[in-house]
Amino acid sequence: MKEEPILDINNFSSYQKVFRIMAWIRRFINNMKLIKKDRIKTPLTVEEIEEAEEIWIKKVQAENFGIEINCLKEIKNLPKDSKIRELNPFLNERGIVRISGRLHQSTL
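Structure follows, in structure tokens:
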């Protein structure tokens, strides 16, 4: 059985809207864990929106590069048929796949 997404990203006109909605959902969930007087009622912070964006990035990367992410976590070589192998991927400090690309080969 295929799992249905919480938010279908195709139903929104911009990624920024998706990130804001995701941030509101996360805020709601966190607020439900607090007593009423401690709940956050202010506008979303930049940090909340950035965290929501990071969640989406990790989700999309896991769906498309799950094998590569596991190899990077375990410090193993990527499969020879990996589409990103030649881009020298690495995991940053937050667990997001980054690539060094070909810029290191240039004469800049």
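Under the numbering used here, the residue at position 73 of the sequence shown is numbered 73, and the numbers go up by one with no gaps. Yeah, the Cβ is synthetic: ideal placement off N, Cα and C, and Gly gets one too.
Item: Taking DSSP as the reference, what is the three-state secondary structure of L87?; Value: helix
Item: Does I99 come out as helix, strand or coil in the three-state DSSP assignment?; Value: strand
Item: With DSSP collapsed to three states, give me the class of D38.; Value: helix
Item: Comparing alpha-carbon positions, which option in I67, I49 and K41 lies nearest A23?; Value: I49
Item: Around the Cβ of V46, are there at least 16 other Cβ atoms within 10 angstroms (buried) or fewer (exposed)?; Value: exposed
Item: Expressed to the nearest angstrom, what Euclidean distance is found between the alpha-carbon atoms of K58 and I96?; Value: 6 Å
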